[in-house]
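Only one structure is covered here, and it is reproduced in the block below.
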Amino acid sequence: MRLAPAVRSTSLLTVCLLLLLACVSLLSVVSGATEVAWSQVGHGLGLWLRGAPDADYTMVDRIVVDLRVPRMLLAIVVGAGLALVGALLQTTTRNDLSDPYLFGLSSGSAAGAVAVITLTGEVLGVWTLPLAAFVGGMASVVVVLLLLRRYRSHTPERMILAGLSVSFLFTALTYYFTFLGDQRAAQSVMFWTMGGLGSARWDNLFIPLTGLLVLSLFSWHRRHALDAMLSGDHTAHSLGIAPERLRLQAFVVCAFATACFVAVSGVIGFVGLMVPHLARALAGALHRRMLHIAMLIGALLLLLSDVVSRSILAPQELPVGIVTASVGALFVMYTLLHQSDGA
Amino acid sequence: MKTKPNLTFSCRSWLAACGLSVLSLAAHAQTFPVTVDSCGENLTFAAPPKAALIHDINMTDMALSLGLQSQMAGVSGITGWYKMSPEFKQALGNIKEIAPKQPSLENILALKPDFFFAGWNYGMAVGGEVTPTTLKKYKIPTLVLSESCIHVDKARPPASMELLYADYLKLGTIFGKEAQAKAQIAQWKQRLAALPKATGKEPLRMFLFDSGEDKPFTAGKFAIPTAMMAAVGGRNIMDDVDASWGTVAWEAVAARNPEFLVLLDYQNDGGADKLLQFLQKHPLMQHTTAVKNKRFVALRYEELTPGPANVAAIEKMARAVNR
Numbered sequence: 010m011r012l013a014p015a016v017r018s019t020s021l022l023t024v025c026l027l028l029l030l031a032c033v034s035l036l037s038v039v040s041g042a043t044e045v046a047w048s049q050v051g052h053g054l055g056l057w058l059r060g061a062p063d064a065d066y067t068m069v070d071r072i073v074v075d076l077r078v079p080r081m082l083l084a085i086v087v088g089a090g091l092a093l094v095g096a097l098l099q100t101t102t103r104n105d106l107s108d109p110y111l112f113g114l115s116s117g118s119a120a121g122a123v124a125v126i127t128l129t130g131e132v133l134g135v136w137t138l139p140l141a142a143f144v145g146g147m148a149s150v151v152v153v154l155l156l157l158r159r160y161r162s163h164t165p166e167r168m169i170l171a172g173l174s175v176s177f178l179f180t181a182l183t184y185y186f187t188f189l190g191d192q193r194a195a196q197s198v199m200f201w202t203m204g205g206l207g208s209a210r211w212d213n214l215f216i217p218l219t220g221l222l223v224l225s226l227f228s229w230h231r232r233h234a235l236d237a238m239l240s241g242d243h244t245a246h247s248l249g250i251a252p253e254r255l256r257l258q259a260f261v262v263c264a265f266a267t268a269c270f271v272a273v274s275g276v277i278g279f280v281g282l283m284v285p286h287l288a289r290a291l292a293g294a295l296h297r298r299m300l301h302i303a304m305l306i307g308a309l310l311l312l313l314s315d316v317v318s319r320s321i322l323a324p325q326e327l328p329v330g331i332v333t334a335s336v337g338a339l340f341v342m343y344t345l346l347h348q349s350d351g352a
Numbered sequence: 078m079k080t081k082p083n084l085t086f087s088c089r090s091w092l093a094a095c096g097l098s099v100l101s102l103a104a105h106a107q108t109f110p111v112t113v114d115s116c117g118e119n120l121t122f123a124a125p126p127k128a129a130l131i132h133d134i135n136m137t138d139m140a141l142s143l144g145l146q147s148q149m150a151g152v153s154g155i156t157g158w159y160k161m162s163p164e165f166k167q168a169l170g171n172i173k174e175i176a177p178k179q180p181s182l183e184n185i186l187a188l189k190p191d192f193f194f195a196g197w198n199y200g201m202a203v204g205g206e207v208t209p210t211t212l213k214k215y216k217i218p219t220l221v222l223s224e225s226c227i228h229v230d231k232a233r234p235p236a237s238m239e240l241l242y243a244d245y246l247k248l249g250t251i252f253g254k255e256a257q258a259k260a261q262i263a264q265w266k267q268r269l270a271a272l273p274k275a276t277g278k279e280p281l282r283m284f285l286f287d288s289g290e291d292k293p294f295t296a297g298k299f300a301i302p303t304a305m306m307a308a309v310g311g312r313n314i315m316d317d318v319d320a321s322w323g324t325v326a327w328e329a330v331a332a333r334n335p336e337f338l339v340l341l342d343y344q345n346d347g348g349a350d351k352l353l354q355f356l357q358k359h360p361l362m363q364h365t366t367a368v369k370n371k372r373f374v375a376l377r378y379e380e381l382t383p384g385p386a387n388v389a390a391i392e393k394m395a396r397a398v399n400r
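Keeping their order, the protein sequence lines are chains S and U. Residue numbering for the first sequence follows our numbering, beginning at 10 and increasing consecutively. Residue numbering for the second sequence follows our numbering, beginning at 78 and increasing consecutively.
Written out as structure tokens, the structure is:
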């Protein structure tokens with residue numbers, strides 16, 4: 010990948026990305042289906058920080074405080090998380106195309122949510138769908154692990170094949186449930202299969218946050234082992250690391266985190282695939298430097314995509330997965346063209 | 078709420094039916110061939126169809142209210158989605174349903190109908206196997222629901238009650254019951270003219286909530302609920318959405334602060350009550366005037382898609398608005 014020369018000074022890069030993230034965060038609070046002036050953002054946030062009583066809020070204040078701020082935070086958390094999942098999976102399976110999609114993690118979660126929408130309805134109130142998505146995601150992991158149990162060695166190829174087959178199976182299930190459902194179910198199904206950040210609420214942010222926390226702790230704890238994996242199973246082994254065990258651990262952690270993300274935002278594609286490549290191009294392959302850059306770029310990318318998805322068709326909203334998939338596909342095309350140029 | 082209006086309605090419709098039968102006796106027999114417009118295309122019938130296939134509960138309602146049972150070979154798209162009322166079931170008699178949801182081309186050809194009444198996304202999909210073009214090959218003329226024409230013709234006028242009247246009249250004309258259809262429409266217009274209008278200088282801000290959590294699914298500029306809201310002196314706050322039915326953003330709905338809600342009661346999974354509960358918990362919607370004051374009316378699918386049930390639904394809406 011030769012998108013940019015590898016920047017060695019990652020701290021400068023980090024500061025730049027953080028500043029950019031702050032700007033885009035503000036932009037995402039200001040833009041959307043309804044017009045919100047900068048001064049109103051200040052007003053709403055002021056009320057919130059003061060802990061003002063409900064009666065003081067205008068509807069625009071509420072839009073800012075109750076909808077757009079949690080939505081911005083959800084974009085940051087899920088974007089950073091998906092990028093991290095992609096980076097971990099790409100390193101441990103040594104496959105550039107690894108992302109949460111490829112291993113059936115996302116499709117399991119979507120199938121869980123869609124099954125509930127079409128078959129049982131919300132038996133457990135507002136928590137039904139996040140819970141069902143989480144259970145579906147974990148179910149897909151269990152199936153992959155069962156498939157791998159027969160073998161003593163978990164080679165990347167075998168993991169990817171197991172993941173792909175599970176992914177196809179759960180996608181088929183999702184479509185089957187959609188077919189069974191009533192007319193309005195198709196609308197909800199679209200949300201779960203194409204993703205969106207419209208469900209962000211203060212009281213459900215902790216779900217994706219938990220996923221991100223677990224992911225970050227794991228990758229920080231295992232950063233040296235991950236670096237060792239870059240030079241292959243044999244080298245890693247000689248450095249005292251069990252590659253297969255690390256692969257499995259990373260897989261389970263990624264699965265848990267992805268299920269947490271999908272539970273609130275649906276399946277958002279391409280962030281996990283594309284961002285690690287950008288991060289490696291900017292910060293090099295070593296994980297100590299690369300992972301937080303990947304998280305920042307992931308957050309930026311999803312935040313920007315959400316601004317686009319909310320603005321181009323206002324007062325309608327495009328599923329954000331459509332935007333990320335378009336950007337991702339263009340990115341891959343660009344990379345392809347760039348490579349053939351250099352050849 | 079469900080039985081009482083039904084009683085008055087059935088009494089009224091009985092009286093209307095008496096009047097209509099007198100009228101139709103008096104009217105001259107309609108001459109064929111007749112030509113009607115279907116999404117901008119002319120459909121000509123040399124004689125009334127004898128084995129019609131009607132899709133969806135709202136269009137079947139139109140056919141049943143015109144008394145077309147003896148000329149109907151089948152229906153489709155009813156039991157897969159809705160609960161039938163006992164009255165509907167009785168009126169339908171033993172006309173068979175060829176597919177509980179969307180009919181396939183095979184379903185239709187197996188029935189050998191000589192007429193199909195359906196709409197875009199109401200039994201037919203653009204580019205799908207069942208369209209007026211694919212059926213033409215088998216000499217099955219298709220009347221397309223006017224509300225759905227927006228999916229193939231972007232230059233349609235915004236929704237008005239003509240969406241019901243025009244289709245009803247077309248159906249009547251095709252089956253040689255033009256006079257009966259005209260009389261029924263006149264009676265509907267009379268009923269709507271007699272409605273009390275919502276008071277206030279500005280039209281009442283109304284919002285239809287069909288379904289959806291991260292984004293609401295609602296009726297836009299070209300869907301009949303927009304016309305129904307206007308009929309009670311209200312305005313659909315989403316009448317600037319260039320679609321018949323579609324999703325919008327919650328914040329756009331909340332910012333326009335609806336004063337009155339129309340909730341789509343699918344009669345399953347908690348129905349309209351569940352929709353209201355959802356709105357009462359929504360961070361923005363719970364603060365809107367309509368949710369705070371619990372101002373809403375629950376209407377079923379066939380009451381909110383073009384069909385005879387629209388008229389009683391508008392009366393129901395007017396009562397709820399003026400309560």
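Every residue gets a Cβ at the ideal spot worked out from N, C-alpha and C, and that includes glycine.
Alpha-carbon to alpha-carbon, residue j and residue i
i: F193/U; j: P235/U; result: 25 Å
i: Y208/S; j: L212/U; result: The sequence given here places Ser at residue 208/S; Tyr does not occur at that position. Cα to Cα, the separation comes out at about 42 Å.
i: V223/S; j: G88/S; result: 15 Å
i: V123/S; j: K292/U; result: 16 Å
i: A103/U; j: E326/S; result: With a pLDDT of 47 at A103/U, under the threshold of 50, the modelled position of that residue is not reliable, and no figure is offered here.
i: T290/U; j: S197/S; result: Reading off the sequence, residue 290/U comes out as Glu, not Thr. Those two C-alpha atoms are separated by around 7 Å.
i: V175/S; j: Q99/S; result: 18 Å
i: R312/U; j: S321/U; result: 15 Å
i: L140/S; j: D108/S; result: 22 Å
i: M136/U; j: G41/S; result: 38 Å
i: M201/U; j: I262/U; result: 27 Å
i: R268/U; j: M305/U; result: 13 Å
i: K189/U; j: G151/U; result: 10 Å
i: D287/U; j: A266/S; result: 32 Å
i: A386/U; j: T180/S; result: 39 Å
i: V374/U; j: A323/S; result: 27 Å
i: E392/U; j: L338/U; result: 15 Å
i: F356/U; j: T164/S; result: The sequence given here places Leu at residue 356/U; Phe does not occur at that position. Cα-Cα distance, rounded: 49 Å.
Residue range of the unbroken beta strand (DSSP E) whose run includes residue i
i: S181/U; result: Unbroken run through S181/U: none, as it is neither H nor E.
i: S115/U; result: V111 to S115
i: S153/U; result: M149 to S153
i: N313/U; result: G311 to N313
i: L43/S; result: Looking at the sequence provided, one finds Thr at residue 43/S rather than Leu. Where T43/S is concerned, there is no enclosing beta strand (DSSP E), given that its DSSP letter is neither H nor E.
i: L220/U; result: T219 to V221
Span of the alpha helix (DSSP H), counted from its first residue to its last, around residue i
i: S225/S; result: F215 to H230
i: T183/S; result: P165 to L189
i: W197/U; result: Careful: W197/U lies outside any alpha helix (DSSP H), inside the beta strand (DSSP E) at F192 to W197.
i: E255/U; result: E255 to A270
i: R298/S; result: H296 to S320
i: E118/U; result: Unbroken run through E118/U is the beta strand (DSSP E), E118 to F122; no alpha helix (DSSP H).
i: I131/U; result: Per DSSP, I131/U belongs to no alpha helix (DSSP H); it is in the beta strand (DSSP E), A129 to H132.
i: L76/S; result: Run containing L76/S: none; DSSP gives neither H nor E here.
i: V262/S; result: P252 to S274
Closest Cα partner of residue i within the set the options
i: E279/U; options: A176/U, E336/U and S223/U; result: E336/U
i: T202/S; options: Y184/S, L189/S, D212/S and L214/S; result: Y184/S
i: V113/U; options: L246/U, I262/U, E164/U and D191/U; result: L246/U
i: L281/U; options: V229/U, A390/U, F299/U and N334/U; result: N334/U
i: F165/U; options: L141/U, Q261/U and A202/U; result: L141/U
i: G55/S; options: T43/S, A42/S, R71/S and S40/S; result: R71/S
i: E174/U; options: D350/U, M149/U, P163/U and Y343/U; result: M149/U
i: P360/U; options: G348/U, A332/U and L120/U; result: A332/U
i: F310/S; options: L21/S, S20/S, T19/S and L26/S; result: Position check: residue 310/S holds Leu in this sequence, whereas Phe was assumed. Measuring from the Cα of L310/S, the nearest candidate turns out to be L26/S.
i: L138/S; options: G146/S, V125/S and M147/S; result: V125/S
i: S320/S; options: L239/S, A268/S and V38/S; result: V38/S
i: A296/U; options: Q167/U, Q354/U, N184/U and P383/U; result: P383/U
i: F284/U; options: L182/U, W265/U, Q264/U and A307/U; result: A307/U
Check: Is the region 360-369 of chain U close to the region 201-221 of chain U, with three or more CB pairs under 8 Å?
Finding: The region 360-369 of chain U, when compared against the region 201-221 of chain U, does not touch it at the 8 Å Cβ threshold.
Next item on the list: Give a yes or no on contact between the region 31-45 of chain S and the region 60-67 of chain S, applying the rule of three or more CB pairs nearer than 8 Å.
Entry: The region 31-45 of chain S is not in contact with the region 60-67 of chain S.
Next item on the list: Take every Cβ of the region 272-280 of chain S, pair it with every Cβ of the region 103-119 of chain S, and state whether three or more of those distances are shorter than 8 Å.
Entry: Under the 8 Å Cβ criterion, the region 272-280 of chain S counts as touching the region 103-119 of chain S, having at least three qualifying pairs.
Next item on the list: Could you tell me whether the region 113-120 of chain S touches the region 143-162 of chain S, using the rule of 3 or more Cβ pairs below 8 Å?
Entry: Three or more Cβ pairs closer than 8 Å define a contact, and the region 113-120 of chain S meets that threshold against the region 143-162 of chain S.
Notebook entry, point to check: Along the chain, which unbroken stretches of the alpha helix (DSSP H) at least 4 residues long are found entirely within the region 270-354 of chain U?
Noted result: 301-308 and 327-332, all fully within the region 270-354 of chain U.
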